[in-house]
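Take -8 as the starting number for the sequence shown in our numbering and just add one per residue.
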Amino acid sequence: MRANVQPPTTYVLWDLETTGLNPAHDQIIQFAAIRGEFRDGKFAEIERYNIRIKLSEDIIPHPQALLVNRTSVELFNEGISEYEAVKLIHEIMNKPGTINLGYNSLGFDDEFIRFAFFKHLLPPYRHQFANGCYRMDIYPMVQMAYQLCPDLLRWPMRDGKISLKLAHLVQENNLSSGTSHDALVDVLDTIAIMEKLYSNAGFWREATAFFKKEFDKTFYNGGVPTRNITIGGQNYSLGFLMGHTEAFPALCLGTHAKYKNQTRWLRLDGDIINDRASRKKQGEPPFLFSYNDPRLQLKLSESQKVRIEDNLRYLAEHPDVFLTTKERHLNEQYPETANADVNAALYLMHFAETTEEKEKERTVEHLLKSFHLLEDPRKHEIVEKLRQVNKTHKELMVRLMARLITEGQKSIRLSAEDNALYQNHLARVFSMGYAAPIFDHRGQPKLTLPAAIAETEKLLTERTGEEDTLFLMHLKEWYQSHIGKYQPTYSTHAEIGLQTNVDDAAAVATAVPMMLDDTDEAIDTAQSTAVRKRVRENDDTGRVESPDEIPYSLDVSEVNDLMNFCGEVKSEYCAVNSARFDAALFTRTPGLNREMAAQSASPFPVNDVRFRS
-8 MRANVQPPTT
2 YVLWDLETTG
12 LNPAHDQIIQ
22 FAAIRGEFRD
32 GKFAEIERYN
42 IRIKLSEDII
52 PHPQALLVNR
62 TSVELFNEGI
72 SEYEAVKLIH
82 EIMNKPGTIN
92 LGYNSLGFDD
102 EFIRFAFFKH
112 LLPPYRHQFA
122 NGCYRMDIYP
132 MVQMAYQLCP
142 DLLRWPMRDG
152 KISLKLAHLV
162 QENNLSSGTS
172 HDALVDVLDT
182 IAIMEKLYSN
192 AGFWREATAF
202 FKKEFDKTFY
212 NGGVPTRNIT
222 IGGQNYSLGF
232 LMGHTEAFPA
242 LCLGTHAKYK
252 NQTRWLRLDG
262 DIINDRASRK
272 KQGEPPFLFS
282 YNDPRLQLKL
292 SESQKVRIED
302 NLRYLAEHPD
312 VFLTTKERHL
322 NEQYPETANA
332 DVNAALYLMH
342 FAETTEEKEK
352 ERTVEHLLKS
362 FHLLEDPRKH
372 EIVEKLRQVN
382 KTHKELMVRL
392 MARLITEGQK
402 SIRLSAEDNA
412 LYQNHLARVF
422 SMGYAAPIFD
432 HRGQPKLTLP
442 AAIAETEKLL
452 TERTGEEDTL
462 FLMHLKEWYQ
472 SHIGKYQPTY
482 STHAEIGLQT
492 NVDDAAAVAT
502 AVPMMLDDTD
512 EAIDTAQSTA
522 VRKRVRENDD
532 TGRVESPDEI
542 PYSLDVSEVN
552 DLMNFCGEVK
562 SEYCAVNSAR
572 FDAALFTRTP
582 GLNREMAAQS
592 ASPFPVNDVR
602 FRS
């Protein structure tokens, strides 16, 4: 029996169309790919995929994105479910020996794929390294061709500058396959560009080597001859990083303190103290070249050479300044938000380090794999097991199962508690401004209905063509049809009270402090830990049967106090309850002045987009 037999290598060129630009908040609506191999210098197609994906229930698509990729309202329900599509994409990309690549796929599409895998409980990284699979990207190869083999392509000019956009390149080189921003057309265009690059065997061999981590490791380990300098008694390597249309000289500061798979590089022909450092991951762009590479040395102007040497001399003479700059760059971290939505938790997951953590991680992996294999009536068993070991994946699973039920898989079972969790998620997504924003891992808010409607109205004033106008009008109608479509599920004493239909805004607001024995005391001591504790203790003690049980109305100052109280309680409650409190104050309170509410010491800032008319 032969050991270590490598699977045959095939290329999968792929592209996406999406509902927006945020991989945590948006979804894929079209996936196109062609699997093939090179035969006699030409790309030979083996298999083709063109998957249209239904819009998921908890997605608000961005009007600008839909206008670009021409996904009309009529297409929202065409295709297969997002779950079935993502499983199929995962299978395609993880076939042994697959090289997955696109045009700027590492800069945009691949992150969407990772988040889609994560949200659907599939391994998000295996297509990058397992079973002989890895990733490439034609776009950085085109950047390299422009610098080192400019005769391979004709280079389009736009506004006096070289443009490396795919649509411009294929047009300039007479390679266009059809309308841009259709995923399959973009795949065919990418193949046409790839064949041009492949025609130069030496270039192709050099360019594709950069996507293998071994090359970068060789550079860092001193296996690639390059220039080194000494600063403060320590040696540092110099190199060239391939930028958009130029390679620039840089100094390696070292490995990042937190992100161990990254190094930071200081550009040497600019402001070495104030400029941002460049990030380099092994096996990913920007490509890294030796500083001694004569092809790139020849491209340096005399003024660049002078600036580089001046900067190197300054750093050598001021090691304290260099050390401060180095430490700043190596410790700089991406902004994160503590209350990120569970869909955005991919990069916030803690890497297992201890034996216990690794064992728990293996347990979660086994449970997730079992979830996909189990028949629908038994999937709820995994939810109960996950509840004890991983709350993030448990909530992702609840959302996924709830969507599948909505899509017709009625044999899936959800507990009343988990169904309420999902219904409140929907109410929060489609709120008209009352619910707390939904943030991703970088603090970016999810698109809201009011913002989507406002953006559509703005586009209607800018797009005067009949086709675009009709497209946008239908989209606006779709947004408006979702106003009030989903309501929070109320279950506790206070929440039932908030659901009652009364006219007086302040009276409804009193339902929140009614969880306590004394309403006046609740307002007076709303900031105290003791009150928050009592709120939790009494959360499920009773129900308000009718509006008559709400004792009295609050004046403006008391409403402000109440909002402060809600802000405190929200910090103790999960996001679901947060949305319910907001619902009480805004959706059920027609008499409440929102500007007054926005300017109070509450969790709602005055410039929040939710308060714009």
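Glycine included, every Cβ here is placed at the ideal spot set by N, Cα and C.
Going by DSSP, name the residue or residues bridged to residue i.
i      : result
Leu227 : Strictly speaking, residue 227 in this sequence is Tyr, with Leu absent from that position. In the DSSP output, where bridge partners are listed per residue, Tyr227 has Ile220.
Gln21  : Glu8, Arg43
Trp256 : Cys243, Ser269
Glu36  : Gly27
Thr89  : Thr1
Met127 : Leu92
Leu279 : Leu232
Ala238 : Met233
Ile71  : Ile44
Applying the criterion that 16 or more other CB atoms from any shown protein chain within 10 Å of the CB defines a buried residue, is residue i buried or exposed?
i       : result
Lys208  : exposed
Ser292  : exposed
Glu300  : exposed
Ile83   : buried
Leu364  : exposed
Asn334  : buried
Glu308  : exposed
Thr9    : buried
Arg319  : exposed
Leu621  : Because the chain here runs from -8 to 604, residue 621 falls outside it and cannot be looked at.
Asp150  : exposed
Glu386  : buried
Trp5    : buried
Lys401  : exposed
Gln(-3) : exposed
Phe120  : exposed
Asp332  : buried
Tyr470  : buried
Gly274  : buried
Met340  : exposed
Phe67   : buried
Phe201  : buried
Leu7    : buried
Glu152  : The residue asked about is misnamed: residue 152 is Lys in this sequence, not Glu. Exposed.
Leu155  : buried
Lys317  : buried
Arg286  : exposed
Ala502  : Residue placement at Ala502 is flagged as unreliable, the pLDDT there being 39, under the threshold of 50; the coordinate-derived value follows with that caveat. By the neighbour-count rule (16 or more Cβ atoms within 10 Å), Ala502 is buried.
Asn492  : At Asn492, the pLDDT of 30 sits below 50, so the modelled position is not reliable; the number obtained from the coordinates is stated separately. It is exposed - the Cβ of Asn492 has fewer than 16 other Cβ atoms within 10 Å.
Identify which residue in the options has its Cα closest to the Cα of residue i.
i      : options                        : result
Gly123 : Ile42, Pro(-1), Gln471, Arg298 : Pro(-1)
Lys204 : Pro276, Leu143, Asp262         : Pro276
Leu259 : Ile373, Ser294, His235, Gln253 : Ser294
Leu157 : Met185, Arg304, Glu352, Phe194 : Met185
Gly261 : Val297, Lys78, Leu287, Asn330  : Val297
Glu38  : Glu48, Ala24, Val176           : Ala24
Lys187 : Thr345, Glu36, Arg145, Asp100  : Arg145
Leu440 : Leu143, Tyr305, Tyr425         : Tyr425
Leu232 : Ile444, Arg267, Phe194, Tyr282 : Tyr282
Val355 : Leu377, Lys476, Thr345, Asp128 : Leu377
Arg218 : Thr345, Val312, Asp284         : Asp284
Val374 : Glu408, Glu347, Tyr116         : Glu408
Glu458 : Asp367, Arg30, Ile50, Ser63    : Ser63
Gly234 : Gln134, Val176, Ala174         : Gln134
Hey, residue i and residue j are a contact pair by Cβ (cut 8 angstroms); roughly how many whole angstroms apart?
i      : j      : result
Ile19  : Phe108 : Incorrect: roughly 11 angstroms between the Cβ atoms, too far for contact.
Gly223 : Pro310 : 3 angstroms
Gly230 : Ala241 : 6 angstroms
Lys45  : Glu73  : 7 angstroms
Lys272 : Leu279 : Lys272 to Leu279, Cβ: 10 angstroms. No contact.
Phe22  : Tyr2   : Actually they are not in contact, since the Cβ atoms of Phe22 and Tyr2 sit about 16 angstroms apart, beyond 8 angstroms.
Leu438 : His16  : 7 angstroms
Leu112 : His384 : 7 angstroms
Leu405 : Ala418 : 16 angstroms between Cβ atoms; not a contact.
Ala56  : Gly11  : 5 angstroms
Arg196 : Tyr325 : 35 angstroms between Cβ atoms; not a contact.
Ser190 : Asp180 : Actually they do not touch by this definition, with Cβ atoms about 16 angstroms apart.
His172 : Val312 : Going by Cβ atoms, the distance from His172 to Val312 rounds to 47 angstroms, so no, they are not a contact pair.
Asn95  : Asp128 : 7 angstroms
*asked:* Restricting to runs no shorter than 4 residues, where is the alpha helix (DSSP H) found entirely within the stretch 149 to 202?
replied: Whole alpha helix (DSSP H) segments, 4+ residues: 157 to 163, 174 to 189, 192 to 200.
*Quick one: complete alpha helix (DSSP H) runs, 4+ long, within the stretch 369 to 450?*
Residue ranges of uninterrupted alpha helix (DSSP H) with 4 or more members, entirely inside the stretch 369 to 450 and ordered along the chain, are 371 to 380, 382 to 397, 407 to 420.
_Just to confirm the assignment: which complete alpha helix (DSSP H) runs, minimum length 4, are found wholly within the stretch 286 to 357?_
Fully enclosed alpha helix (DSSP H) runs of 4 or longer: 293 to 308, 310 to 322.
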